[in-house]
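Here's the structure, in structure tokens; my notes come after.
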Amino acid sequence: MARSGARRHSIGPALAVSVLAVVGLLLAAGQDTGWYRYALLGAVNAGLVVALGLITGARMARIMSADPATSPESQQPQLGDARDSTDRPTQAQLNAQLAGVVAAATEAIVSKSLDGTILTWNPGAERLYGYTAAEMLGRDLTLLMPAGCGGEEQDLLGRVRRGEVIRPHETRRVRKDGTVIDVSLSMAPVRNESGEIIGASAVSHDVTADVEAARRLRIEREQLRLIMAEAGDPFLSIDENGRITEWNRQAHQLLGWARHEVVGRPLSETVLPARYASALKRLLDGDPDQLLDRPATMFARHSAGQEIPVEITVWRTRLDGPPSFHALARDITARRRIEQALELDRDRAVVTAQLKSRYLAMVSHEVRTPMSGVIGLSDLLLATPLDDVQRKYATGIHDAGMNLLIVVTEVLDFAKLEAGKVVAKPVDFEPGRLLDEVADLVRGAAGEAGPTVRTWCDPRVATPASGDAGKLRQILLNLAGNAVKFTPAGEVVLTAAPEDAPGATGVRFTVTDTGIGIDEKRQTQLFEPFTQGDATAAEGTGLGLTISRELVAVLGGELRFESRLGQGSTFWFTVPLGPARGTAPRPAAQPEAPAVAGDGEGRVLVVEDNEINQIVATGILSGLGYRAEIATNGLQAVKLAAANDYQAILMDCLMPEMDGYQATAAIRRAEPGGRHVPIIAMTAGAMAEDRDRCLAAGMDDHLAKPVMAADLAAALTGWATAGHPPADDPDLRAEIEARLGQLRSTGPDLGPRILAGLLRRLSDGAPALLDEILDALAHDDLDAVQHSAHQLKGVAANLGVTTLAETCERVEDAARSGDLDQTVAAVTELRTPLRATLVAVETIAAELASRAPVG
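Right under this line is the structure:
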């Protein structure tokens, strides 16, 4: 028993020191969780000397049942505690607390002798290594050592023998199931009461996940390093604060900054221009992810101060901490130079196209003016008694003029198509009637000895539809005209039928002839400009089929053909047609039925500065039953229009002193309410923009020179009643009267006379605003158009007129977009609702005034 007591006396202090060593290792390992750390600190401060190595079964029970009065350990001096013993926990209580601490520790806590024999093995060690205490007590740790690490344990114990405390370091161990894990190991010597080292205590925990994460990080950094080293483009990285952390050689070469000059410095102080500071802040804040993972063009600052255009792609990485941002940049200086050169070439091409269009318009005007005299005078001459020779010569002059007109028209059409200025303008029409009209026109060219011309329209497409009837007519006239021209005998058939495809809304138009056909060698060149299908043909420009193909493309189709030499040809195309929209064009008068004078004197004012064209116009009008008066410039026209009541005015556009556009605006300003004299442009300007400009200036129709008698008759007949006030629009009146009702509700004293005056004042400024719009449009000042249209929209809103307000808004939107052609088209639509509004206002105001009491 004495020997046993002596053993307890010698082991107790030694293992107490072991406990202190373990406590120190745990504290050094960074444990800082609540009661666990508090208990360890308490153990150190109280100087507890316990045999924690005996935390197994009977050994712990024997220590816990030891009598403190007779136990040698009770005679050991206590450290740093002067309180009365009655205030302190008993030794057994402290031992039990510390035993609980070690048992609850998540770390593996192991004590061993200097030869490596395991003395203690806590539950944390069991969880970490998979062995129970019974399996490990009395054995050494070679069981846990991986292959090739057998000498590690002896090396560690040797260092402990020398009194060294081994700080946490990473090593590897083998679990019972054979799994190799990474652990963080700490070890310290255990001393007896005399300070002699008698053992070692070790604390370890699993760091496999940490090691794996570090390994992945090393791999990623190595990959990043390889990317940086091998990338042909500049590469850089920044941290979450915008400081540069990586910078490769290519970045140095491009931007001039050496690595040591930029790493650690803010991006905004080095390569990033100040104007991008807000974008960088949003990127670092994680706001706009649209800045990530996609190329963006920007400028970077060179170390010498100049800016270099770059294309940069940014991506973000995050590994258990703040994000990092990485970027690959590419110098796009050369690409920008190419783009700028292309933009310059494009601008030059646009300017060239504009100059070309102006030149062609000028040529057209200059050719059409004398041609108008040639064709017009020959027409008048043919209407007089002539002998056969004279008629033959006059007919030759007329035909030559018409052929020249066709040439000029085709060249202009080709130029407009080439410039992309031709767009579809859908209206309602009947496909069957269109075929009949085309057939009637080409039958005259066929003559009695020529081919038979007939049409067929499938009943399924005979109803009205919406499409560009004008362009379809031009295409079919060209195809049918060619068919008649190259079919000496036989027939030419024009057909229209629905497209074969299921659910399709297109209509297939076909022109078939039994003529001479086209040689196979020439078929490949048929649609090339200035090429003719028949080498023997000496007439035409060779542009007809080219123009037809382009027009079909504008309408959304493709012109195709089949032909066999000596057997004839078939041309066809399919274009989409929509349902009728109620936009049918005004029916033209039949050319054979000349217009007759209206209820007035039947006088027409001809505004023309060219004497020959004056003679032609006077002769045509005389033949149609009108009496013509002449004005040689715009100023004379304004004076005559103010002093006389004309059935219509035929207005040339380019004249000295005052042109036709200015004269029209002045005539419109001077017109009294309810009066609107039709003004028909009769000008050599034959392009679409010429027509739009005429209509925008206030003219009602447009005839291109040379003017044919049939065309002029149709225009005068169509506008025969235009000088009368428009029919009363009940919807428009209802809108204005509803607005009057709102005004009455604001003041009970608003009588009829006051309301009439108020209504007139609200509308007084509208004509002047329209003049401002037209004047601004004439000078291509879209900003002024937008401003005046906005003011006119306000007038319409004050009057409560929806249609006029919506039309003004379309003008405003078109002007804001910068599209001159669209603005002209929108302004063209403005005059009709404005005129109707002013007439309705005047009518309602007159009715109100008539109801006002007298006196």
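Oh and the sequence shown: position 626 is 908 in the working numbering, straight run, nothing missing. Idealized CB from N, CA, C, for every residue including glycine. Remember, it's a predicted structure, so these values are computed and weren't measured experimentally.
Cβ atoms of residue j and residue i: under 7 angstroms apart, would you say?
| i | j | result |
| --- | --- | --- |
| V898 | G678 | no |
| L932 | M964 | yes |
| L903 | A747 | no |
| V485 | I391 | yes |
| A862 | D710 | yes |
| A1148 | P713 | Residue numbering for the chain in the displayed model covers 283 to 1137; residue 1148 lies beyond these limits and cannot be assessed. |
| V705 | G683 | no |
| A470 | V447 | yes |
| L1130 | P1012 | no |
| V888 | I912 | yes |
| L1022 | L1037 | yes |
| W529 | V544 | yes |
| V720 | L758 | yes |
| G797 | T769 | yes |
| D488 | L410 | yes |
| I949 | D983 | no |
| A847 | G799 | In the sequence as displayed, the identity of residue 847 is Leu instead of Ala. Result yes, Cβ atoms of L847 and G799 sit closer than 7 angstroms. |
Check the C-beta distance from residue i over to residue j and give it rounded, since I have them as a contact under 8 angstroms.
| i | j | result |
| --- | --- | --- |
| V596 | F581 | Not confirmed; about 15 angstroms, so no contact. |
| G524 | L549 | 5 angstroms |
| V789 | V743 | 5 angstroms |
| A1066 | A1078 | The pair is not a contact, with the Cβ atoms about 19 angstroms apart (cut-off 8 angstroms). |
| A519 | H608 | First, the residue type needs correcting, since residue 519 is Ser and not Ala in the sequence shown. Their Cβ separation, rounded to whole angstroms, is 5 angstroms, which keeps S519 and H608 in contact under 8 angstroms. |
| S845 | L761 | Not quite, the Cβ-Cβ distance comes to about 12 angstroms (not below 8 angstroms), so this is no contact. |
| L1041 | G980 | At roughly 24 angstroms, the Cβ-Cβ gap does not stay under 8 angstroms, so L1041 and G980 are not in contact. |
| Q532 | P516 | 5 angstroms |
| E435 | L423 | 5 angstroms |
| A561 | L573 | 7 angstroms |
| S851 | D795 | 6 angstroms |
When you compare only the Cα positions, how much space is there between residue i and residue j?
| i | j | result |
| --- | --- | --- |
| A1087 | D891 | 39 angstroms |
| D974 | A1107 | 6 angstroms |
| D927 | P954 | 12 angstroms |
| M427 | I463 | 11 angstroms |
| R500 | V442 | 33 angstroms |
| L334 | A386 | Note that L334 scores a pLDDT of 37, beneath 50, so its modelled location is shaky and nothing firm can be said. |
| L1064 | C935 | 22 angstroms |
| L663 | A930 | 25 angstroms |
| V1121 | G916 | 27 angstroms |
| T1119 | V1083 | 8 angstroms |
| F791 | L1051 | 47 angstroms |
| V258 | R842 | The requested residue 258 does not occur in the structure, where the chain is confined to residues 283 to 1137. |
| G398 | G432 | 12 angstroms |
| G1137 | L922 | Because G1137 sits at a pLDDT of 47, beneath the cut-off of 50, its placement in the model cannot be relied upon, and the point is left open. |
| G1054 | S1070 | It should be pointed out that residue 1054 corresponds to Glu in this sequence rather than to Gly. Looking at the two C-alpha atoms, the distance is approximately 7 angstroms. |
| R344 | A381 | Low confidence applies here, because R344 scores a pLDDT of 31, under 50, leaving its location unreliable; read the following figure in that light. Looking at the two C-alpha atoms, the distance is approximately 14 angstroms. |
| P1049 | G1100 | 24 angstroms |
| A378 | T372 | 10 angstroms |
| V384 | D492 | 24 angstroms |
| E1111 | M940 | 25 angstroms |
Which residues does DSSP pair with residue i in a beta bridge?
| i | result |
| --- | --- |
| F517 | L610 |
| R598 | F607 |
| M1144 | Residue 1144 lies beyond the range of the chain shown here (283 to 1137); nothing can be said about it. |
| W539 | W539 pairs with nothing; no bridge assigned. |
| F768 | Answer by DSSP bridge pairing: none, since F768 is not bridged. |
| L776 | T737 and V793 |
| P577 | Answer is none; P577 lacks a bridge partner. |
| L932 | V888 and I962 |
| K394 | I400 and A482 |
| E911 | L887 |
| L426 | Partner(s): none; L426 has no beta bridge. |
| G788 | P858 |
Taking its Cβ as the centre, do 16 or more other Cβ atoms sit within 10 Å of residue i, making it buried, or is it exposed?
| i | result |
| --- | --- |
| V774 | buried |
| K767 | buried |
| A765 | buried |
| P604 | exposed |
| Y908 | buried |
| S1045 | buried |
| H958 | buried |
| K234 | Nothing can be reported for residue 234, as the shown portion of the chain is limited to 283 through 1137. |
Taking 7 angstroms as the threshold (beta carbon to beta carbon), is residue i in contact with chain D?
| i | result |
| --- | --- |
| Q379 | No chain D is present in this structure, which holds just one protein chain. |
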